[in-house]
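> Before we start, here is the structure in question, set down as structure tokens.
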Amino acid sequence: MKLLHCPLNGPRNISEFTYGGEVHAMPDPDACDSSEWAEYVFFDDNRAGVVTEWWCHTATSFWFLADRNTVSDEIMRTYLPAERFSGLAAAPPDGEPSS
Amino acid sequence: MSAYPQNSLRRSQLYRWHHEHGAHFANIANLVVVNNYDSERGDGPGLCDLSLLPRTGLKGPDAIRLLQSTVDDTPMEPNQSILTSDDTRIARLSLEEFLLLGSVDFETSEIAMVDQALAATSGMTYSLPRADSHCLFALKGRDSPEVLAKLCAIDLRPGWFATGAVAQTSMARVNAIIIQHHFAAEPGFFLLADSASTEYLWTCLLDALQEFDGGAVGLDSFRTMQHKE
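Note that the protein sequences, when read in sequence, are chains A and B. Going by this note's numbering, the first sequence opens with residue 1, and the numbers climb by one from there. Going by this note's numbering, the second sequence opens with residue 1001, and the numbers climb by one from there.
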């Protein structure tokens, strides 16, 4: 069984988690056009390489971020969303792992 | 003493199972609970249905402040729990979420105090009552970590899972909260899961207990343990 490290609960079987999709920066709903909004809501970049993704520990409904290499399926690290979203200006561009 | 769950408005989802398996009921704190069973075995690990045990929960940025103003101690880290002087088990499920379980003698007062404080607060604290949403079992006995090893991936042996530790995980493919607790001198666990899974989980646990010569026990077994101490 593959293990994923939950920032709240520690290492757990991967079957306890739900994938939540790639992390995207939300466009301003008042300023963007329909195609930009549709891009945000419906589409993923599906990049080969390290991407930042939402994951949820189902037993606790706890959402967190994971940097995962989509080629090797290696999870580089997991961390709290506050680390990325507390300072939006300093957040790395989409699809790139935080340092 | 004759007490029947059918005559009580509040009853465990398992009351029919208890009745069919020779349970003798007792009235404790106006709740009809299983006192013992006809064929109760005393040596192996025991599983007790505590679904009527008083409990509550709270969540929010101000939850820790409300709790600190009401009870004498609170757990500092998520997934830890402490036992208060009132024998209430307080578990911290996340930074801002707490779960309180009354003592197995049903004589706790802190649950009611916290519920009163919750009703009166105007702060950012929200009630998470667990009495109806979750079933609650107690599993006790020296072999209880091995019993749960058949259903759960977490290592719950004493060397790895400390006294008062909390695991929120999958047990028999059901989301569950496992809290380490000593019932008198015997190690054991509180187990909580969604109330819709009560009968399923009870059956799974009894199945796991068979290998260790364990089975269902009533509240009387806890009183026997206290006398042994």
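For each residue, glycine too, the CB sits at the ideal point set by N, CA and C. As the structure is a prediction and not an experimental result, all values here were calculated from the model.
1. Using beta-carbon positions only, say whether B:Gly-1188 and B:Glu-1040 come within less than 8 angstroms of one another.
2. Within 8 angstroms (strictly less), CB to CB, does B:Thr-1169 reach chain A?
3. Note down the Cα distance separating B:Asp-1207 from B:Thr-1108, rounded to an integer number of angstroms.
4. Where do the N-terminal and C-terminal ends of the alpha helix (DSSP H) with A:Arg-47 fall, by residue?
5. Give the straight-line distance between the Cα atoms of A:Leu-101 and A:His-57, rounded to the nearest whole angstrom.
6. So who's on the other strand from B:Met-1252, going by DSSP bridges?
7. Would a check of beta-carbon distances place A:Thr-78 closer than 8 angstroms to chain B?
8. Which value, in whole angstroms, describes the spacing of the CA atoms of B:Asp-1143 and A:Arg-12?
9. What residue range does the beta strand (DSSP E) around A:Thr-18 cover?
10. Please check the pair B:Asp-1194 and B:Val-1166, which I expect to be a contact at CB under 8 angstroms, by giving their CB distance rounded to whole angstroms.
11. For the stretch 1049-1113 of chain B, which segments carrying the alpha helix (DSSP H) assignment without a break, of at least 4 residues, lie completely within its bounds, in sequence order?
12. In the stretch 1030-1048 of chain B, which residues sit with their C-beta less than 7 angstroms from some C-beta in chain A, listed in chain order?
13. Report yes or no: do the stretch 1023-1034 of chain B and the stretch 1059-1066 of chain B share at least 3 C-beta pairs separated by less than 8 angstroms?
14. Which chain B residues are close to A:Phe-17, counting only those with a beta carbon under 8 angstroms from its beta carbon?
15. Quick check on B:Ser-1197 - is its C-beta less than 8 angstroms from some C-beta in chain A?
16. Between B:Val-1032 and B:Ser-1051, which are expected to be in contact by the criterion C-beta below 8 angstroms, what is the C-beta distance as a whole number of angstroms?
17. Would you verify that the beta carbon of B:Pro-1129 is, or is not, closer than 8 angstroms to some beta carbon of chain A?
18. Would you call the CB atoms of B:Val-1071 and B:Thr-1084 closer than 8 angstroms?
19. Please report the distance separating the alpha-carbon of B:Arg-1092 from that of B:Leu-1156.
20. What are the residues in the stretch 1077-1102 of chain B lying within 8 angstroms of chain A by C-beta distance?
21. Among the candidates B:Ser-1197, B:Thr-1163, B:Thr-1169 and B:His-1134, whose CA atom is the shortest distance from the CA of B:Pro-1054?
22. For the alpha helix (DSSP H) containing B:Trp-1160, name the first residue and the last one.
23. According to DSSP, is B:Asn-1007 helix, strand or coil?
24. Would DSSP call B:Leu-1209 helix, strand or coil?
25. Would you mind working out which of B:Leu-1151, B:Gly-1215 and B:Asp-1105 sits nearest B:Ile-1178, comparing C-alpha positions?
26. Mind listing the chain A neighbours of B:Ala-1153? Cutoff is C-beta to C-beta under 8 angstroms, in chain order.
27. Where does B:Asn-1036 land, buried or exposed, given buried means 16+ other C-beta within 10 angstroms?
Reading it off the structure:
1. Their beta carbons are not under 8 angstroms apart, which means B:Gly-1188 does not touch B:Glu-1040 by this criterion.
2. yes
3. 32 angstroms
4. From DSSP, A:Arg-47 is part of no alpha helix (DSSP H); its letter is neither H nor E.
5. Lying outside 1 to 99, the shown extent of chain A, residue 101 of chain A is not represented and no answer is given.
6. No answer is possible for residue 1252 of chain B: the residues shown for chain B start at 1001 and end at 1229.
7. no
8. 23 angstroms
9. 17-22
10. That pair is no contact at about 17 angstroms.
11. 1063-1070
12. none
13. no
14. Ordered by position in chain B, no residue passes the 8 angstroms Cβ test against A:Phe-17, which lies about 10 angstroms from the chain.
15. no
16. About 12 angstroms; that fails the 8 angstroms criterion.
17. So no, B:Pro-1129 is outside the interface.
18. yes
19. 18 angstroms
20. Pro-1078, Asn-1079, Leu-1093 and Ser-1094
21. For B:Pro-1054, the nearest C-alpha among the options comes from B:His-1134.
22. For B:Trp-1160, there is no enclosing alpha helix (DSSP H), since its DSSP letter is neither H nor E.
23. helix
24. B:Leu-1209 falls in the helix class under three-state DSSP.
25. B:Leu-1151
26. Met-1, Arg-12 and Asn-13
27. buried
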